[in-house]
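To convert, note that position 271 of the sequence shown is 270 in numbering that gives the first Met the number 0; the numbers rise steadily by one, no gaps.
Notes to accompany the following structure.
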Amino acid sequence: MKRLLQWVTRAVLAFDWPLLALLVIMTILGMTIMHSAVGGTDWRFADQSRNFLIAFVAMWIAAMLPPPLLMRLAPYIYVAGVVLLLGVEFFGETSKGATRWLDLGFVRLQPSEMLKISVPLMLAWYFHRNQGRLHVLDFVVAMALLALPFALIVMQPDLGTALLVFVSGFCVIYFGGLSFKLLAPLTAAVVIGVGTLVYFETDICQPDVDWVLLHEYQKYRVCTLLDPSSDPLGKGFHTIQSMIAVGSGGVYGKGYMMGTQAHLDFIPERTTDFIFAVFAEEFGLYGGVMLLVLYALLIARGLAIAVKAHTHFGRLMAGSMSMMFFVYVFVNVAMVTGILPVVGVPLPFLSYGGTALLTLGVASGILMSISHYRPLRS
Numbered sequence: 000m001k002r003l004l005q006w007v008t009r010a011v012l013a014f015d016w017p018l019l020a021l022l023v024i025m026t027i028l029g030m031t032i033m034h035s036a037v038g039g040t041d042w043r044f045a046d047q048s049r050n051f052l053i054a055f056v057a058m059w060i061a062a063m064l065p066p067p068l069l070m071r072l073a074p075y076i077y078v079a080g081v082v083l084l085l086g087v088e089f090f091g092e093t094s095k096g097a098t099r100w101l102d103l104g105f106v107r108l109q110p111s112e113m114l115k116i117s118v119p120l121m122l123a124w125y126f127h128r129n130q131g132r133l134h135v136l137d138f139v140v141a142m143a144l145l146a147l148p149f150a151l152i153v154m155q156p157d158l159g160t161a162l163l164v165f166v167s168g169f170c171v172i173y174f175g176g177l178s179f180k181l182l183a184p185l186t187a188a189v190v191i192g193v194g195t196l197v198y199f200e201t202d203i204c205q206p207d208v209d210w211v212l213l214h215e216y217q218k219y220r221v222c223t224l225l226d227p228s229s230d231p232l233g234k235g236f237h238t239i240q241s242m243i244a245v246g247s248g249g250v251y252g253k254g255y256m257m258g259t260q261a262h263l264d265f266i267p268e269r270t271t272d273f274i275f276a277v278f279a280e281e282f283g284l285y286g287g288v289m290l291l292v293l294y295a296l297l298i299a300r301g302l303a304i305a306v307k308a309h310t311h312f313g314r315l316m317a318g319s320m321s322m323m324f325f326v327y328v329f330v331n332v333a334m335v336t337g338i339l340p341v342v343g344v345p346l347p348f349l350s351y352g353g354t355a356l357l358t359l360g361v362a363s364g365i366l367m368s369i370s371h372y373r374p375l376r377s
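Here you go:
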């Protein structure tokens, strides 16, 4: 009986209650808008309920694992993830022109999702191990550890997931001590590149122009972003219809389950990538702002955990997981509102999908683990 009480106490203390409260609110919102997006309680609604339950269990298990154990497992998890990515490259299943899945017989995996966690884990372990004696070579090695899985995911191709893996890993490198001065040339190159793209859009978006580094469908996504009206019934349809839905919601919204764009099937992928358009149409500007405030509170809680973490590993991991949440939200909302091209990034806790929810659950559990961990004093 005593051991049972100790186990229950440990399980309860594993939760970070402010973070858990925010996650519960996000879950309620997610299931509410999913009910509207699917028009009732069909199999997708039931599946998403199951996905949330699995994600909660994964979060609880991750929260029970102490950071020192996570740190010891980091290299093995990273190697396993890279091996699975190589497996996808040689033996993966192709669907809709992309090879992202690996069938192991007893389970079908999308290994790239696993790298969103394993890459920052590996880099946090590396910088913790070399804390206080970092040199330029250490940052070169860290970039190589990040570049390998990033390149393998881009080759699938899965630019959205590759972007999230890169950002979560790069945040660890930056928080680990990378000088801000080194980012200035990169920022300048991005600004110049975007400016050049916009200026020469008419010439470089011609069908016979090869962008070399990007696949043809990725090129058309960028060109469609610059001018959605160039293909309103094809490549530009997603962006145009989602922007119409967001704008038609107005300030107060049309009301729950009253969105015409969604329920007349004008919004493509309304349960996954474009669910924010459904939300904005039904709840308007006020609802959209309140949703973004909830995300901001979630990210702020993660950063607060990072600041108060008792180990360098904990600070790096908590900072990386918080920034991963930020990139999820920023890219999805920017994609739906026509600021960024369509890259297939879900909206955290609202979009349908078990794999992404599992990743978010594990990330939340790691934040909780870091929050309640107290090193033993010698």
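Even for Gly, the Cβ is constructed at its ideal location relative to N, Cα and C.
Item to check | Reference V56, options L357, L144, L302, closest by Cα | outcome: Start at 1 with the first residue of the sequence shown, and residue 56 comes out as number 57. Comparing Cα positions, the closest option is L357.
Next on the checklist: For the structure I just gave you, are there three or more beta carbon pairs, one from the segment 299-312 and one from the segment 320-327, closer than 8 Å?
Outcome noted: yes
Item to check | Candidates P119, P110, L339: closest to P156 by CA position | outcome: Taking the first residue of the sequence shown as 1, we reach residue 156 at position 157. Of P119, P110, L339, the residue nearest in Cα terms is P110.
Next on the checklist: By DSSP's criteria, T98 is part of a beta bridge. Which residues make up the other side?
Outcome noted: Indexing the sequence shown from 1 puts residue 98 at position 99. DSSP, once it has assigned bridges, lists T93 as partnering T98.
Checklist entry - Does the Cβ-Cβ distance between L151 and E88 come in under 8 Å? => result Position 152 of the sequence shown holds residue 151. Position 89 of the sequence shown holds residue 88. In contact: L151 and E88 (Cβ atoms closer than 8 Å).
Next on the checklist: On a Cα-Cα basis, can you pick out the residue from R373, T186, L64 that is closest to A308?
Outcome noted: Locating residue 308 in the sequence shown gives position 309, where the first residue counts as 1. Ranking R373, T186, L64 by Cα distance to A308 puts R373 first.
Next on the checklist: Residues in the same chain with beta-carbon distance under 7 Å from L351, minus the five sequence neighbours each way, listed in chain order, please.
Outcome noted: In the sequence shown, counting from the first residue as 1, residue 351 sits at position 352. One point to set straight first is that residue 351 is Tyr, not Leu, in the sequence displayed. Around Y351: M33, R43, Q47, T270, T271.
Checklist entry - In the DSSP assignment, what residue or residues form a beta bridge with L108? => result Stepping through the sequence shown from its first residue, residue 108 is reached at position 109. Beta-bridge pairing links L108 to L101.
Next on the checklist: Rounded to whole angstroms, what is the Cα-Cα separation between A36 and G246?
Outcome noted: Counting from one through the sequence shown, the residue named residue 36 turns up at place 37. Counting from one through the sequence shown, the residue named residue 246 turns up at place 247. C-alpha separation (whole angstroms): 17 Å.
Next on the checklist: What would DSSP say about T259, mapped onto helix, strand or coil?
Outcome noted: By 1-based counting over the sequence shown, the position of residue 259 is 260. Helix at T259.
Checklist entry - L120 and Y77 look like a contact to me (Cβ under 8 Å); what is the Cβ gap, rounded to whole Å? => result Taking the sequence shown and counting its residues from 1, one reaches residue 120 at position 121. Taking the sequence shown and counting its residues from 1, one reaches residue 77 at position 78. Contact holds; Cβ gap of about 7 Å.
Checklist entry - Among A45, I191, A20, which has the Cα closest to the Cα of T31? => result Here residue 31 is taken as the residue at index 32 of the sequence shown, counted from 1. Of the listed residues, the one whose Cα sits closest to T31 is A45.
Item to check | Exposure label - G364; buried when at least 16 CB within 10 Å | outcome: Along the sequence shown, read from residue 1 onward, the residue named residue 364 stands at position 365. Classification of G364: buried, given that the 10 Å Cβ count is 16 or more.
Item to check | Chain-order list of residues whose beta-carbon lies under 8 Å from that of H262 (same chain, five-residue window excluded) | outcome: To locate residue 262, count along the sequence shown from 1; it is residue 263. If we look at H262 and ignore the five residues flanking it on each side, its Cβ neighbours are G38, M256.
Checklist entry - What three-state label does DSSP hand A308 in the structure shown? => result What you label residue 308 is simply residue 309 of the sequence shown in a count that begins at 1. Correct three-state label for A308: coil.
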